[in-house]
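Beneath this line is the structure, given in structure tokens, with notes to follow.
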Amino acid sequence: MRLSDLEINPSTLKLEIDIMDKEGSFAVVVCDGKAKLTALPIHGETKIVTHQGKVKRVKFDEGEEF
5 MRLSDLEINP
15 STLKLEIDIM
25 DKEGSFAVVV
35 CDGKAKLTAL
45 PIHGETKIVT
55 HQGKVKRVKF
65 DEGEEF
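For my numbering, add 4 to where a residue sits in the sequence shown, where the first one is 1.
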């Protein structure tokens, strides 16, 4: 599983991320009061698929140049 849950503070409803702890590129996806983080591939595509205004899935298509 590439997506990891992020904690939203229930008292303030704020999401805090220490970006100095993260290496490389990453994406944060927020939907319906839930937040998830995923690292982006070095070579490839990451697609966020939605349906009726909600996130359904995150697809990864990786490759490497020859």
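Yeah, the Cβ is synthetic: ideal placement off N, Cα and C, and Gly gets one too.
- Nearest in C-alpha terms to E69, of all of P45, C35 and L7, is P45.
- S8: member of the beta strand (DSSP E) spanning S8 to L10, first to last residue.
- In the displayed model, K26 falls within coil according to three-state DSSP, outside both helix and strand.
- Judged by DSSP in its simplified three-state form, T54 adopts strand.
- The beta carbon of L7 is closer than 8 Å to those of V33, K40, L41, T42 and V62 in its chain, skipping five residues each way along the sequence.
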